[in-house]
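Report on one structure; see the data block that follows.
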Amino acid sequence: MKDFSFSISKKSIEAPLARVGVIHTPHGDIETPAFIPVGTKATIKSILPEDFQKYVVADACLANTYHLYLEPGSEIVKKHGGFAKMMNYAGPTFTDSGGFQVFSLGAAMGVGVSKIAKREDLTNENIDKNLAENTERKSILSKLKYFFIKNKILFVEILIVLYVGFIARTLGEDMNLLVNFVIMTFTFFFIEILFFRKYRIKNNLEFINLKVDNTEDKKSLVKISENGVEFRSVFDGSKHFFTPEKSMEIQHDLGADIFFAFDECTSPLANYDYQVEALERTHRWAKRSLIHHHKLGVSEATSKMQALYAVVQGGAFDELRKESAKTLGEMNIEINNEKKYFDGFGIGGSFTKEDMAKTVRIATENLPENKPRHLLGIGEIEDLFLGIEYGIDTFDCVTPTRIARNGSIYTKEGKINIFNSKYKSDMSPVCDDTSCYAHKYTKSYLAHLFRSKEMIAATIASIHNLHFIVHLVRDIRQSILEDRFFEFKKEYLERYKK
RNA sequence: GCGUCGGUGGUAGAGUGGUCAAUUACAACAGACUGUAAAUCUGUCGCCCUUCGGGCUACGUUGGUUCAAAUCCAACCCGGCGCA
Numbered sequence: 195m196k197d198f199s200f201s202i203s204k205k206s207i208e209a210p211l212a213r214v215g216v217i218h219t220p221h222g223d224i225e226t227p228a229f230i231p232v233g234t235k236a237t238i239k240s241i242l243p244e245d246f247q248k249y250v251v252a253d254a255c256l257a258n259t260y261h262l263y264l265e266p267g268s269e270i271v272k273k274h275g276g277f278a279k280m281m282n283y284a285g286p287t288f289t290d291s292g293g294f295q296v297f298s299l300g301a302a303m304g305v306g307v308s309k310i311a312k313r314e315d316l317t318n319e320n321i322d323k324n325l326a327e328n329t330e331r332k333s334i335l336s337k338l339k340y341f342f343i344k345n346k347i348l349f350v351e352i353l354i355v356l357y358v359g360f361i362a363r364t365l366g367e368d369m370n371l372l373v374n375f376v377i378m379t380f381t382f383f384f385i386e387i388l389f390f391r392k393y394r395i396k397n398n399l400e401f402i403n404l405k406v407d408n409t410e411d412k413k414s415l416v417k418i419s420e421n422g423v424e425f426r427s428v429f430d431g432s433k434h435f436f437t438p439e440k441s442m443e444i445q446h447d448l449g450a451d452i453f454f455a456f457d458e459c460t461s462p463l464a465n466y467d468y469q470v471e472a473l474e475r476t477h478r479w480a481k482r483s484l485i486h487h488h489k490l491g492v493s494e495a496t497s498k499m500q501a502l503y504a505v506v507q508g509g510a511f512d513e514l515r516k517e518s519a520k521t522l523g524e525m526n527i528e529i530n531n532e533k534k535y536f537d538g539f540g541i542g543g544s545f546t547k548e549d550m551a552k553t554v555r556i557a558t559e560n561l562p563e564n565k566p567r568h569l570l571g572i573g574e575i576e577d578l579f580l581g582i583e584y585g586i587d588t589f590d591c592v593t594p595t596r597i598a599r600n601g602s603i604y605t606k607e608g609k610i611n612i613f614n615s616k617y618k619s620d621m622s623p624v625c626d627d628t629s630c631y632a633h634k635y636t637k638s639y640l641a642h643l644f645r646s647k648e649m650i651a652a653t654i655a656s657i658h659n660l661h662f663i664v665h666l667v668r669d670i671r672q673s674i675l676e677d678r679f680f681e682f683k684k685e686y687l688e689r690y691k692k
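Residue numbers (my numbering): 195 to 692.
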């Protein structure tokens, strides 16, 4: 493996698991710990690729297999020479395997569960109830309406039954069919008009909508089997089957320097038995991923050898995490009498905020020390400190860009919502750091841009938030080098109020 | 001047005897967001009381009909349009 390597330049003397290192890739180095911004569809949302390089100054970026496979299609990305080339990004890149979509389009679908669960969700033993309740997350008003309309429909149905029954009876008794027909028709319309005239047209439409909403809420877009996962496209509903092999092929076409084995990200609401089942499957998929990756060899898109990371799962269960880390850490295949291992490891899955430290620590303690670890999808500020303390080298997370688009801005004192009325006339800069692009603009201006729905509102906010997080992680790196990690952490988090 | 249509909460605009403090949208005010179904979603949005709930004031103005009026009637005020 010439193109990819990882070296640890310093182990923290304060935090036994924390380290500073460098990941070498064919497209440059990543100085770890590092935050990797997410560009799901080969674009960091709202930021020009050139501006991303110029103003955010991150070491790498990450794109998503599922999304690029569906649109524009991995063949097309391959023709561009990989997604990095397509988006004119020169630095190191990652792709996610699509494993997260197994969760976000499956177990999490319409259930209001995210990657990070709240503890009360888990201690609530009635997980089924939780699921059932959330499948119909309607306001009380809608529920009442729904009830009413539903009953109305029932009522009409009863009328129809009576009507049909009466006709049948009439036929049987050989009465004057026409007279009865006319009488019943009038009765029918009279009753309906009398009781429901106000609700007839509008609510019938609403009823249809409610019906559609409900079925959509309940329907998961994925089906998991041993061989792989059937996805329904979020764009057009078309079916696609992902296997570990398929994921490898797509990711070879996408051409990232670092990519992940196909895994299943389980729901935080899943029970132990399911976690075991999913974990074992993820391990089998990991092996298949490793085999297929080496069978495919060099990426045809980039002509470079890519680095494959396995994904540690196991939910919030210590023994499962330990087993997963050990199993994947030792997992190898033999090619021409040479053993091939994973190049690094992702730590995936979902957990509660409280469990995260423990979960990460157990994973990193049981992973090979000389391989890089990536904490998948984590990126809130306290989590970054925590992850680094427990031996994480890289992070990726959508939070900085997503909350930016929604008007939340990082400051050293905590997140602020730029929509709050007090910022309308706040003349202070968006960012105190003069090296940040957003330093040039006032909060008042940014608030105005957001309020008037101007596109560059998202751009400025996203550049700022990414710059903020990327540089925070860089500062943490520096603090380890200078042996003042805990001091820095304490000072920072005391100032940063959530 | 005559005719005609209309005047509804911050705005637009539904509702045309009780289910109406009034659908909806926008605005406003908050909140959420962790490997992106997300430039998305949720809540509040007349006033008062501690919540379930209750009380009060409101659909141009004033009177009236009615057990009950944003809704019907009359007069007036204002606006659009048409004819003079």
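By construction, the Cβ of each residue, glycine as well, lies at the ideal position given by its N, Cα and C atoms.
Counting along the chain, no beta strand (DSSP E) covers L211, and no H or E run does either. Counting along the chain, E424 sits inside the beta strand (DSSP E) bounded by residues 423-426.
Residue nearest to A284 within the set P243, L299, N258 is P243 (criterion: CA-CA distance).
Around the beta-carbon of V492, fewer than 16 other beta-carbon atoms lie within 10 Å, marking it exposed. When Cβ pairs closer than 8 Å are counted between the two stretches, the region 610-619 is seen not to touch the region 243-253, the count staying below three. Residue burial is scored here from C-beta neighbours: R313 has fewer than 16 other C-beta atoms within 10 angstroms and is therefore classed as exposed. In the assembly as shown, P210 is an exposed residue. Its beta-carbon has fewer than 16 other beta-carbons within 10 Å. In this structure, the CA atom of I650 is about 8 Å from the CA atom of S240. Scanning its chain for C-beta atoms nearer than 6 Å, with the 5 sequence neighbours on each side dropped, one finds around I610 the residues I603, in chain order. Annotation for K417: the continuous beta strand (DSSP E) segment containing it runs 416-418.
For S427, the closest of R599, E265, E474, A519 by C-alpha to C-alpha distance is E265. Assignment of G491 by DSSP, reduced to helix, strand and coil, places it in the coil class.
With respect to K520, F539 sits apart: the two C-beta atoms are not nearer than 8 Å. Counting C-beta pairs closer than 8 Å gives fewer than three between the region 209-223 and the region 639-648, which falls short of the contact rule. Residue environment: L675 is assigned as exposed (fewer than 16 neighbouring CB atoms within 10 Å of its CB, all protein chains considered). For E225, there is no enclosing alpha helix (DSSP H); the residue is found in the beta strand (DSSP E) stretching over 222-226. Assigned with DSSP and collapsed to three states, N611 falls in strand.
Ranked by how close their Cα comes to the Cα of I654, the residues F680, R596, A557 have R596 in first place. Around the beta carbon of T628, fewer than 16 other beta carbons lie within 10 angstroms, which makes this residue exposed. Rounded to whole angstroms, the separation of the alpha carbons of G292 and F456 is 7 Å.
In the structure shown, the three-state DSSP call for N659 is helix. The region 249-282 is shown to contain whole alpha helix (DSSP H) runs of 4 or more residues at 259-264, 268-273, 277-280, in chain order. CA-CA distance, S414 to K691, rounds to 37 Å.
By the criterion of a C-beta distance shorter than 7 Å, L473 is surrounded in its chain by Q507, G508, L514, S518, once the five residues flanking it on both sides are discounted. Remark: C-beta atoms of V216 and S201 approach each other more closely than 8 Å. Under the Cβ criterion (8 Å, minimum of three pairs), the region 582-589 counts as touching the region 557-573. In the assembly as shown, L522 is a buried residue. Its beta-carbon has 16 or more other beta-carbons within 10 Å. In this structure, L660 sits near P231, with a CB-CB distance shorter than 8 Å.
Secondary structure of K634 (DSSP, three-state): helix. The beta carbon of N560 sits closer than 6 Å to those of K516, A519, K520, all from its chain and outside the five residues before and after it, given in chain order. According to DSSP, A284 shares a beta bridge with no other residue. In this structure, the CA atom of L256 is about 17 Å from the CA atom of A495.
Per the coordinates, the alpha-carbon of H665 lies some 44 Å from the alpha-carbon of N531. Your pair F198 and A501 checks out as a contact, with CB atoms roughly 4 Å apart and the cut at 8 Å. For A598 against L463, the beta-carbon gap comes to about 29 Å, at or over 8 Å, which does not count as contact. Counted as a single uninterrupted DSSP element, the stretch harbouring V296 is not any beta strand (DSSP E) but the alpha helix (DSSP H) occupying residues 293-296.
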